[in-house]
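Each remark here refers to the structure printed beneath this line.
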Amino acid sequence: MKIESIFGPVQGSLNDFERAFTEVLHSDIPLANQVVNYIAGLKGKRLRPALVFLASQLHGERNPDSMRAAIVVELLHTATLVHDDVVDSSDLRRGKPTVNSIWDNRVSVLVGDLLFSRTLTALLNLNSPAALAIISEAANRITEGELMQVEHEHDYNVSEPVYFDLVAKKTAALFSACCELGALAMGDNAETRGRMKQFGENLGIAFQIKDDLLDYTGKAAVLGKPVANDIRENKVTLPLIYALAASPAELCQRIVAMIEKEEMDESEIDEVVSFVDDAGGLDYAEGMARNYSDAALAILDLYAPSETRDSLTKLVQFAIAREN
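Take a look at the structure:
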């Protein structure tokens, strides 16, 4: 299943979004414009704007505020990606060279800052204290999540609760904000907003667990980035957390020593992946992703059948079945 086929009910909104987003990105500074045009060309799944539109349409007809909200969340998301690539020293994003690998870290940080400032300007267009609160909370949680990830690099005793807290902040916070903003665009109903916020949180956690699994099971050509990147960067994710907790201490020490090497060869990467798989780490993470996706689907069951609900259902299923 291709994600584009899921967005049918909001494809018109997404087409309008592309035009509006390109306009928002424009800068009169030649260097900035060159970089943001490059970023625009790296167009991803547009999952977050689609979530805003679908969450909004689930509660009524198209509303101009949903377009404004979609621009806000995509600006914030893009800014965080540009900064993330600097933090992680990443060379590839969606199979293409990152901004920092083409220009340098100075340009990347400043363009990320520019995108954050555009986020604030776009947020003003919503003219909504509630929307401001949602985005402020999301930005705060995302930053905390990134700091937690840095803090727990090389921490092979990290617990599952810490992992899930990190994932909820780093990834699910923006999914949650997208869905809550979509509901808010149709009216400030606390129950509806809370329901969609929780839907986005569950979907975001399931999505991130699947991302962590793909680091072990994916193919570089499909992912658009190297596989086993988390292992190489000493990021301890759910499959490894489970495998280390379920295995004898002596074996764990040998695996950790291997991961901690400055540079691992392919045979060592394969050994770590086999260790995680043999210990049940991949199956366990798959099961946890299903648990969170089931929780998201249970929220959708509260709504009457519709084309929009069907799209959201397929989106949840895609989140844990995808290959990239």
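Per this note's numbering, residue 478 is the first one in the sequence shown, and the count goes up by one each step.
We put the CB at the ideal spot given by N, CA and C, even for glycine.
None of the values given here were measured: they were computed from a predicted structure.
For glutamate 637, count neighbouring Cβ atoms within 10 angstroms of its own Cβ and tell me buried if that reaches 16, exposed if not.
Taking the sequence shown and counting its residues from 1, the one referred to as residue 637 is at position 160. Glutamate 637 should be labelled exposed.
So phenylalanine 501 and leucine 552 are in contact, right, with Cβ under 8 Å, and what is the actual spacing, rounded?
What you label residue 501 is simply residue 24 of the sequence shown in a count that begins at 1. What you label residue 552 is simply residue 75 of the sequence shown in a count that begins at 1. Contrary to the premise, residue 501 reads as valine rather than phenylalanine in this sequence. About 7 Å separates the two Cβ atoms, so the contact holds.
Are the beta-carbon atoms belonging to valine 704 and aspartate 692 less than 9 Å from one another?
By one-based count along the sequence shown, residue 704 stands at place 227. By one-based count along the sequence shown, residue 692 stands at place 215. Yes, the Cβ-Cβ distance between valine 704 and aspartate 692 is below 9 Å.
Return the CA-CA distance between arginine 618 and lysine 674, expressed in angstroms with no decimal places.
Counting from 1 along the sequence shown, the entry for residue 618 is found at position 141. Counting from 1 along the sequence shown, the entry for residue 674 is found at position 197. Rounded to the nearest angstrom, the two C-alpha atoms are 14 Å apart.
Quick test of the definition: if touching needs 3 or more C-beta pairs under 8 Å, does the stretch 626 to 641 touch the stretch 499 to 513?
No, they do not touch.
In the DSSP output, what is proline 574 paired with across the bridge?
Start at 1 with the first residue of the sequence shown, and residue 574 comes out as number 97. Proline 574 pairs with Leu569.
Should the stretch 708 to 727 be regarded as contacting the stretch 761 to 771, the criterion being three or more beta carbon pairs within less than 8 Å?
As far as the Cβ criterion goes, the stretch 708 to 727 touches the stretch 761 to 771, which means the pair count is three or higher.
Taking isoleucine 746 as the reference, which of Glu710, Val627, Ile611, Asp493 has the closest Cα?
As a working mapping, residue 746 is identified with position 269 in the sequence shown. With distances taken between Cα atoms, isoleucine 746 lies closest to Glu710.
Given a threshold of 16 other Cβ atoms within 10 Å of its Cβ, counted over all protein chains shown, does aspartate 562 qualify as buried or as exposed?
In the sequence shown, the residue the question calls residue 562 occupies position 85. With 16 or more other Cβ atoms within 10 Å, it is buried.
If you follow the alpha helix (DSSP H) that glycine 695 is part of, which residue opens it and which one closes it?
As a first step, residue 695 must be located in the sequence shown, where it is residue number 218. That residue, glycine 695, is in no alpha helix (DSSP H); it is neither H nor E in DSSP.
Using CA coordinates, which residue listed in Pro606, Val644, Ile612, Ser605 is at the minimum distance from glutamate 623?
On the sequence shown, residue 623 is found 146 positions in, with the first residue counted as 1. Minimum Cα distance to glutamate 623 is reached at Val644.
Thinking leucine 779 and arginine 672 are a contact (beta carbons under 8 Å), I'd like their distance in whole angstroms, please.
Residue mapping note: residue 779 aligns to position 302 of the sequence shown, counting from 1. Residue mapping note: residue 672 aligns to position 195 of the sequence shown, counting from 1. That pair is a contact at about 7 Å.
If you follow the alpha helix (DSSP H) that valine 644 is part of, which residue opens it and which one closes it?
The count along the sequence shown starts at 1 and reaches residue 644 at position 167. 637 to 644 is the span of the alpha helix (DSSP H), which, as asked, contains valine 644.
Should the stretch 734 to 746 be regarded as contacting the stretch 648 to 655, the criterion being three or more beta carbon pairs within less than 8 Å?
No, because fewer than three Cβ pairs between the stretch 734 to 746 and the stretch 648 to 655 fall closer than 8 Å, the two stretches do not touch.
For a test of the three-state rule: what should DSSP assign to tyrosine 761, helix, strand or coil?
As a position in the sequence shown, residue 761 is number 284, starting the count at 1. Tyrosine 761 falls in the helix class under three-state DSSP.
From asparagine 706 to alanine 497, what distance separates their C-alpha atoms?
Translated into positions along the sequence shown, residue 706 becomes position 229. Translated into positions along the sequence shown, residue 497 becomes position 20. Cα-Cα distance, rounded: 34 Å.
Where does threonine 669 fall in DSSP's three states?
To locate residue 669, count along the sequence shown from 1; it is residue 192. Helix at threonine 669.
May I ask you to verify whether the stretch 584 to 595 touches the stretch 556 to 572, counting CB pairs closer than 8 Å and requiring at least 3?
Touching, yes.
Under the rule that 16 or more other beta-carbon atoms within 10 Å means buried, what is glutamate 800, buried or exposed?
One-based indexing of the sequence shown puts residue 800 at position 323. Classification for glutamate 800: exposed.
Should leucine 601 be labelled buried (16 or more other beta-carbon atoms within 10 Å of its own) or exposed?
The residue labelled residue 601 in the question sits at position 124 within the sequence shown. Result: exposed.
In this structure, how does DSSP classify asparagine 604 when only helix, strand and coil are distinguished?
Position 127 of the sequence shown holds residue 604. Looking at asparagine 604 - three-state DSSP - the assignment turns out to be coil, as it is neither helix nor strand.
Please name the residue, chosen from Asn514, Val513, Phe530, that lies closest to valine 492 on a Cα-to-Cα basis.
Start at 1 with the first residue of the sequence shown, and residue 492 comes out as number 15. Inspection of the sequence shows that residue 492 is occupied by asparagine rather than by valine. The shortest Cα separation from asparagine 492 among Asn514, Val513, Phe530 belongs to Phe530.
Hey, methionine 544 and serine 490 are a contact pair by Cβ (cut 8 Å); roughly how many whole angstroms apart?
Numbered from 1 along the sequence shown, position 67 holds the residue referred to as residue 544. Numbered from 1 along the sequence shown, position 13 holds the residue referred to as residue 490. Going by Cβ atoms, the distance from methionine 544 to serine 490 rounds to 7 Å, so yes, they are a contact pair.
Helix, strand or coil: which one does DSSP assign to valine 512?
Locating residue 512 in the sequence shown gives position 35, where the first residue counts as 1. In the structure shown, valine 512 sits in a helix (DSSP, three-state: H, G or I).
On the criterion of 16 or more Cβ atoms from any shown chain inside 10 Å, does alanine 726 qualify as buried, or is it exposed?
In the sequence shown, counting from the first residue as 1, residue 726 sits at position 249. The residue is exposed, with fewer than 16 neighbouring Cβ atoms inside 10 Å.
Please state if the CB of leucine 658 and the CB of alanine 546 are separated by a distance shorter than 9 Å.
Numbered from 1 along the sequence shown, position 69 holds the residue referred to as residue 546. Numbered from 1 along the sequence shown, position 181 holds the residue referred to as residue 658. It is a contact, given that the beta carbons lie within the stated cut-off.
Exposed or buried, which one is proline 486 when buried takes at least 16 other CB atoms within 10 Å?
The residue given as residue 486 occupies position 9 in the sequence shown. Buried, since its Cβ has 16 or more Cβ neighbours within 10 Å.
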